[in-house]
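Residue numbers (UniProt numbering): 1 to 553.
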């Protein structure tokens, strides 16, 4: 509430009978006009004649029935001459007209500060609105890209499902066809045997047992005998279920890796400079010819990039999404025909908003190509021992946080370009920068092979293979190992040969001497043709045995 003088006039009393306008003094006063007098006497001497003041522009003191012509700084209220001399004696006062001017000036300054604060709030609101729109657009684009990727996987799974179901159905049809064919042959044999059985039973049921029967005996035996009348081995029409269901998920996953590339470094769009464009897979970057208004792949040029704290404002660069502070990490970049680039790692504390010089002191450990010269960005920079006439198309970056080394390797020939030595205590991120319009800096894909029953993981690139560090055996890849691609290839091929040999030996142990067994089976299934003499002798021998058994009884 404003401070009011106890002598302020009421609204129902004035000398002229007209309404009185009550002054509402300011709540606080700071930096008032320097004309403030030191004593009330001086102020009273400077006060204008009351009768000379316009009647409608003055305020009225109810107690002393005088005009309010002064202002008290101590109580921040307007006064009449009598109030200033009596109840406000010793206070700092000055003319009311000057106080009004100073108070208005201070209110103007205060209003200017409020307007400036309002502008800052509006800027923050605009930034929040921009960020909200950007997030909404990015979420929509990301959702579309994710749906496309999952659709690729779903399409692969549907095709793989159809292929495996087709193989199962073909095997089923093949087994059923063979079974039906065999059933047909067996039915024919059964029909033939039924006829022979009826013939033999008819002869046995005949009354004759003399010469007529014996004359027909040979003909009956010849008619009842059928060559190769055995049904053979028992059929095996069962479907190989284990082939279709065994390790099904793993087999499909193995094939899925062909359409699921792996990049060891994923670029972070939140750190991209204003002119940086990203691919949908976040594994390659290029520089646009005009300032970015959102990546073409992301925003379609409709929105400006938000001013978030992770973003680089004065450099056309971008960082990797994942940082490293321990272990060995390696990635390969295809620079192609770009004639101006910088590659390496950046410390987490690297300044994002200020202009900096690329050097280890600023938190950057990089090599670059500028004006046709390959340089290591040390302090001062060093020219690399590399023939500029030989175009460098691929660069391998190997970061060993435990050993404190960062190596840059010519991936085309495996030669070391430069090595930094530094204790990488804080988190470091892969760093990519280019000012060349049109070309792409791309992180190359790698293929990961997981050895079953082993704690080692083998990572194979497109044109190179690199064995990662084993958790149980700490060590780093030496220069000879990094250049000895053939040695690692030999190791992988040796493992494959051992696996194939073990499978072959296992099969040989499970099915020994397959050819010899097949021959033996054929020998066992081969039948002699019918011999009448043999059967007559057999029947005579059986009759003798039966007679001897009857005589003993």
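Where a beta carbon is used, it is the ideal one built from N, C-alpha and C, also for glycine.
Of 332, 244, 396, 348, the smallest CA-CA separation from residue 166 is found for 244. With respect to residue 150, residue 255 sits apart: the two C-beta atoms are not nearer than 9 Å. Around the beta-carbon of residue 191, fewer than 16 other beta-carbon atoms lie within 10 Å, marking it exposed. As far as DSSP is concerned, residue 155 takes part in no beta bridge. By the CB criterion at 9 Å, residue 324 and residue 401 fall inside the cutoff. Cβ neighbours of residue 74 within its own chain (closer than 7 Å, five residues either side excluded): 91, 92.
Counting every other CB atom within 10 Å of its CB across the protein chains shown gives residue 253 a total below 16, marking it as exposed. The beta carbons of residue 322 and residue 266 sit about 7 Å from each other, so the pair counts as a contact at 8 Å. Here residue 127 is near residue 307, since their CB atoms are less than 9 Å apart. Apart from the 5 residues on each side of it in sequence, residue 412 sits with its Cβ closer than 7 Å to the Cβ of 393, 394 in its chain, given in chain order. According to the DSSP assignment, residue 391 belongs to no beta strand (DSSP E), since it is labelled neither H nor E. As the crow flies, the alpha-carbon of residue 219 is around 29 Å from that of residue 184. If you check the CB distance, residue 399 and residue 313 do not come in under 9 Å. Put simply, the backbone Cα of residue 94 is about 42 Å away from that of residue 123. Collapsing the DSSP output to three states places residue 278 in a strand.
Fewer than three pairs of CB atoms, one per stretch, sit closer than 8 Å, so the region 167-177 makes no contact with the region 273-280. Between residue 250 and residue 446, the C-beta gap is not smaller than 9 Å, which leaves the two residues out of contact. One thing to note: residue 359 has its Cβ no nearer than 9 Å to the Cβ of residue 432. Just measuring C-alpha positions, the residue of 223, 61, 203 sitting nearest residue 214 is 203.
Relative to residue 134, the option among 113, 269, 147 whose CA is nearest is 269. Beta bridge pairing from DSSP links residue 410 with 395, 415.
Taking the Cβ atoms as the reference, residue 81 lies roughly 12 Å from residue 63, outside the contact range of under 8 Å.
DSSP places residue 95 in the uninterrupted beta strand (DSSP E) bounded by 93-95.
The three-state reading of DSSP puts residue 423 in coil, since its state is none of H, G, I, E or B. Between the C-alpha atoms of residue 343 and residue 377 there is a straight-line separation of about 10 Å. When DSSP states are grouped into helix, strand and coil, residue 312 belongs to the coil group.
When beta bridges are read from the DSSP output, residue 432 appears opposite 318, 343.
Separation of residue 390 and residue 381 (C-alpha to C-alpha, rounded to the nearest whole angstrom) is 21 Å. Check the Cα spacing between residue 387 and each of 379, 375, 352: the tightest is with 375. Assigned with DSSP and collapsed to three states, residue 200 falls in helix.
Contact between residue 341 and residue 436 holds, since their C-beta atoms are separated by about 7 Å, short of 8 Å.
In this structure, residue 285 and residue 440 form a Cβ contact; the two beta carbons are roughly 7 Å apart against a cut-off of 8 Å. According to the DSSP secondary-structure assignment, residue 365 is paired through a beta bridge with 345. By alpha-carbon distance to residue 347, the top candidate from 414, 287, 427 is 427. In terms of CA proximity to residue 420, 361 leads the group 131, 129, 361, 201. Apart from sequence neighbours up to five positions away, the residues of its chain that approach residue 369 with a beta-carbon distance below 7 Å are 339, 340, 341, ordered along the chain.
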